[in-house]
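Going by numbering that gives the first Met the number 0, the sequence shown opens with residue 0, and the numbers climb by one from there.
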Amino acid sequence: MPMPTPEQKLTMIKMEPATPEEIAAMETLSPGDYEIGYQRTNDIVDEALEVFQRSSRSNMGVSGDVMLAIFTANGDLVNSAAGTYLHAIIQPIIIKYIIKNYSKNPGINDGDVWFANDALYGGIHNPDMVCITPVFHNGKLIAWTGAASHMTETGAIEPGGMPVSATSRFEEGLGLPPVKIGENHELREDWIEVFTAYGIRAPQMMVTDLKARATSADRVRTRLIELADREGTEFVVGLLRKMLEVAKEGATKRLASWPDGKFRCVTFSDAVGVKHGLIRNASLTLEKKGDKLIYDFTGTSPENYSSYHAHVQAVVGHVANYIYSYVFYDLPISSATFEPIEFRIPKGTILNPDPKAATSNAVMICTGVMSASANAFAKMMFCTQDADKVVASSSNAGNAMVIAGLSQWGLPFADMIAYSINTEGQGGRPALKGMNAFGFPWCPFGRAPNVELMENEFPLLIPLSQHWKDSCGHGKNRGGVGTAQMWVAHQVPQVFFMAIADNSKVQTPQGLFGGYAPCTVPGIGIHNADVVQKMKEGTSHRLEVKETLTERWIEGSWEIEFFGRSARPYNEGDVMAYGFSAGGAGYGDPLEADPESVGEDVINQIITNETAAEMYKVIFDERAHKVDVEATNRLRNEERAARRGRGKPYSAFIKEWEKLKPAEEILHSFGSWPEGQSTDMMMRM
Numbered sequence: 000m001p002m003p004t005p006e007q008k009l010t011m012i013k014m015e016p017a018t019p020e021e022i023a024a025m026e027t028l029s030p031g032d033y034e035i036g037y038q039r040t041n042d043i044v045d046e047a048l049e050v051f052q053r054s055s056r057s058n059m060g061v062s063g064d065v066m067l068a069i070f071t072a073n074g075d076l077v078n079s080a081a082g083t084y085l086h087a088i089i090q091p092i093i094i095k096y097i098i099k100n101y102s103k104n105p106g107i108n109d110g111d112v113w114f115a116n117d118a119l120y121g122g123i124h125n126p127d128m129v130c131i132t133p134v135f136h137n138g139k140l141i142a143w144t145g146a147a148s149h150m151t152e153t154g155a156i157e158p159g160g161m162p163v164s165a166t167s168r169f170e171e172g173l174g175l176p177p178v179k180i181g182e183n184h185e186l187r188e189d190w191i192e193v194f195t196a197y198g199i200r201a202p203q204m205m206v207t208d209l210k211a212r213a214t215s216a217d218r219v220r221t222r223l224i225e226l227a228d229r230e231g232t233e234f235v236v237g238l239l240r241k242m243l244e245v246a247k248e249g250a251t252k253r254l255a256s257w258p259d260g261k262f263r264c265v266t267f268s269d270a271v272g273v274k275h276g277l278i279r280n281a282s283l284t285l286e287k288k289g290d291k292l293i294y295d296f297t298g299t300s301p302e303n304y305s306s307y308h309a310h311v312q313a314v315v316g317h318v319a320n321y322i323y324s325y326v327f328y329d330l331p332i333s334s335a336t337f338e339p340i341e342f343r344i345p346k347g348t349i350l351n352p353d354p355k356a357a358t359s360n361a362v363m364i365c366t367g368v369m370s371a372s373a374n375a376f377a378k379m380m381f382c383t384q385d386a387d388k389v390v391a392s393s394s395n396a397g398n399a400m401v402i403a404g405l406s407q408w409g410l411p412f413a414d415m416i417a418y419s420i421n422t423e424g425q426g427g428r429p430a431l432k433g434m435n436a437f438g439f440p441w442c443p444f445g446r447a448p449n450v451e452l453m454e455n456e457f458p459l460l461i462p463l464s465q466h467w468k469d470s471c472g473h474g475k476n477r478g479g480v481g482t483a484q485m486w487v488a489h490q491v492p493q494v495f496f497m498a499i500a501d502n503s504k505v506q507t508p509q510g511l512f513g514g515y516a517p518c519t520v521p522g523i524g525i526h527n528a529d530v531v532q533k534m535k536e537g538t539s540h541r542l543e544v545k546e547t548l549t550e551r552w553i554e555g556s557w558e559i560e561f562f563g564r565s566a567r568p569y570n571e572g573d574v575m576a577y578g579f580s581a582g583g584a585g586y587g588d589p590l591e592a593d594p595e596s597v598g599e600d601v602i603n604q605i606i607t608n609e610t611a612a613e614m615y616k617v618i619f620d621e622r623a624h625k626v627d628v629e630a631t632n633r634l635r636n637e638e639r640a641a642r643r644g645r646g647k648p649y650s651a652f653i654k655e656w657e658k659l660k661p662a663e664e665i666l667h668s669f670g671s672w673p674e675g676q677s678t679d680m681m682m683r684m
């Protein structure tokens, strides 16, 4: 059977036309049925989400990078509990593929458990795995349920499920199209063995998380059957369709209330896999016409030989991350909310590559999709009644760190540790600063694991865990800061470490309306470090990020490099990494920031005194513990005068700007300059 084309997958995300049965069932709903029924579906998926997290074994599962969902009998997403919005929007593709191709052979039956994780068939990337179950009532298919989570082992060429060195899909480990792995409400033992084989670096984690998905999807199925037993099959069918129609109407009305026009944002990053260089990871034009919106990514860089690619449905999933967090935050997480949105994603680009392309790091290349969405939507919404929903981009860094080996408990493991990615900074807002360490832009409801639990579960010592001062993008309302941890290999002879990132030289998020981008993120490790010895001796040195980095009181062989790194070994006592999570982008001109608020940030150690003076032109008297108002006003007036002196007419600026070009050695994956068109023929074997 042919895998779905990009065009087909974008169509499958859309709602199926209402059937006569669904229309008739909607008409049987009494006043109040919709409101009460909608809340019941919320309660059902919320309960299952809790079951999911409590049943998971992987760090990402326990930390909340999961999703539970309800779908109509035709496969349209109706409602979900997230965890992560990323997984929700793509599952209709998988269900509709099953309905179209497998209804007769092997058949769709009560008690089935289906599985998929291959991005060619509707997934995001190989680590994102989903279990799907049909819901039958009195022998009739009335709905589907789905449970998805990020699994940090796939049997790929590197541990952790997201191999930065992969050059084609053949190096990415487990990648299954939709397959039936269970019957009669029971997982098949032969399939469990398949997952054990592909999770060989962490077999107990792979199998436990598989069972957690199946269990939580079945919990939703059970509750829907109970609802149908109480209220009748027609009630459930009519309710699910009504939820789609209400969500579609809400999304369409909101879009129609915004001004027509074209709103652009172009973002960049500094790496593709292990290769460093400039790429245009999103060239976005939002075209708004009436109650329709077109996402146009023409101009995005061409595909390359790295794993930093995303198939089209993954692009839509990353749009969902932003839209459900800020734009459609009060609407159901539903296929219907995407009904008025179309996508233009040119083939041959990093957002629509060849089927053989590696896509295990789709979430890294799509940082541009999320960052550009925040800025383009802000421009469109700024003059509307939704102006208070405008927000500068979150950090969208996704600096994912993976450790693997044999734990202090003698168990093989390979896991992505969720602390750093789940403590990124939020972007600045019109009336508020961004929240510090707010969460994971891919998983807004995720949680950072407790440090002591991390040390108990893995061969880690974490002597330093704190807010990362000055990591925010500065502005009238600064972005939130991220966090910093020190990871020391502990209680075992050796631990393997790798990191996935793309923001050591260039940050993808951009400041909004005069705000600044967040800081870049260095990769730092220390071989033969003596930090544990010094701690045993009762060192008088401060365990602070700035002090350890500037004073270098930890002796050893220091590595200072790009944050993203392939798997490498560290011995017991080595500092494997400083785990940095980036801050959010700033909103508005820093010279308009309230000086007293800047002073509070200095007191609270969110920014340094040097940053207050350099970026905000605020003089904070540390001895008096207050802002020097007169000196601040003088410094700000001097900066405004200096800005006017540096200013030049646009015609003069553009004449100089168009002559500039980055060095050739960093344009290897950009495409032609400046258009970004493909200049190479890709051959993957």
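Here a beta-carbon is modelled for each residue, glycine too, at the ideal position from N, C-alpha and C.
Predicted, not measured: the structure shown is a model, and the values here were computed from it.
- In terms of Cα proximity to residue 434, the closest of 619, 586 and 666 is 586.
- CA-to-CA, the gap between residue 659 and residue 672 works out to about 11 Å.
- If you draw a straight line from the Cα of residue 69 to the Cα of residue 259, it is about 34 Å long.
- Separation of residue 577 and residue 46 (C-alpha to C-alpha, rounded to the nearest whole angstrom) is 36 Å.
- Within the DSSP bridge table, the entry for residue 264 names 283 as partners.
- Of 656, 349 and 353, the smallest CA-CA separation from residue 367 is found for 349.
- The region 452-469 makes no contact with the region 498-506, as fewer than three CB pairs between them are under 8 Å.
- Closest by C-alpha distance to residue 24, out of 209, 521, 324 and 237, is 237.
- Collapsing the DSSP output to three states places residue 493 in a strand.
- About 5 Å separates the beta carbon of residue 262 from that of residue 375, a gap short enough to meet the 8 Å contact definition.
- Restricting attention to 553, 584, 415 and 565, the CA atom closest to the CA of residue 205 is found in 415.
- When the alpha-carbon of residue 582 is set against those of 630, 633 and 517, the nearest one is in 517.
- In the three-state DSSP reduction, residue 566 falls in the strand class (E or B).
- Each residue's CA atom was taken as its position, placing residue 404 and residue 484 some 20 Å apart.
- The beta carbon of residue 454 is closer than 7 Å to those of 460 and 461 in its chain, skipping five residues each way along the sequence.
- Each of 492, 90, 364 and 255 was checked against the Cα of residue 13, and the nearest Cα belongs to 90.
- Under the criterion of beta carbons closer than 8 Å, residue 422 and residue 447 qualify as touching, at roughly 5 Å.
- For residue 312, the enclosing alpha helix (DSSP H) covers residues 311-321.
- Taking 8 Å as the upper bound for CB-CB distance, residue 566 and residue 411 are not in contact here, some 14 Å apart.
- Under the three-state reduction of DSSP, residue 423 is assigned to strand.
- The continuous stretches of alpha helix (DSSP H) do not include residue 78, which lies in the beta strand (DSSP E) extending over residues 76-81.
- Under a 10 Å Cβ-count criterion, residue 198 is classified as buried, with 16 or more other Cβ atoms of the shown protein chains found around its own Cβ.
- Residue 55 has its alpha-carbon roughly 18 Å from the corresponding atom of residue 451.
- By the Cβ neighbour-count rule, residue 173 is buried, with 16 or more other Cβ atoms within 10 Å of its own.
- In the DSSP assignment, the residues bridged to residue 484 are 464 and 578.
- For residue 119, same chain residues with a beta-carbon under 6 Å away, outside a window of 5 residues either side, are 2 and 354 in chain order.
- Only residues of its own chain outside the window of five on either side were considered, and among them 414, 416 and 417 have a CB closer than 6 Å to the CB of residue 58, listed in chain order.
- According to DSSP, residue pairing for residue 556 in a beta bridge involves 526.
- For residue 573, the secondary structure class from DSSP, reduced to helix, strand or coil, is coil.
- Residue environment analysis places residue 300 among the buried positions, since at least 16 neighbouring C-beta atoms fall within 10 angstroms of its C-beta.
- Assignment of residue 185 by DSSP, reduced to helix, strand and coil, places it in the strand class.
- In the three-state reduction of the DSSP assignment, residue 388 falls in the helix class, which pools H, G and I.
- If you draw a straight line from the Cα of residue 678 to the Cα of residue 670, it comes to about 6 Å.
- Here residue 292 has 254, 285, 286, 339, 340 and 341 as same chain residues with Cβ atoms under 8 Å from its own Cβ, once five neighbours each way along the sequence are excluded.
- A straight-line Cα-Cα distance of about 42 Å links residue 572 and residue 617.
- Using a 10 angstroms sphere on the CB of residue 456, the tally of other CB atoms reaches 16 or more, which defines it as buried.
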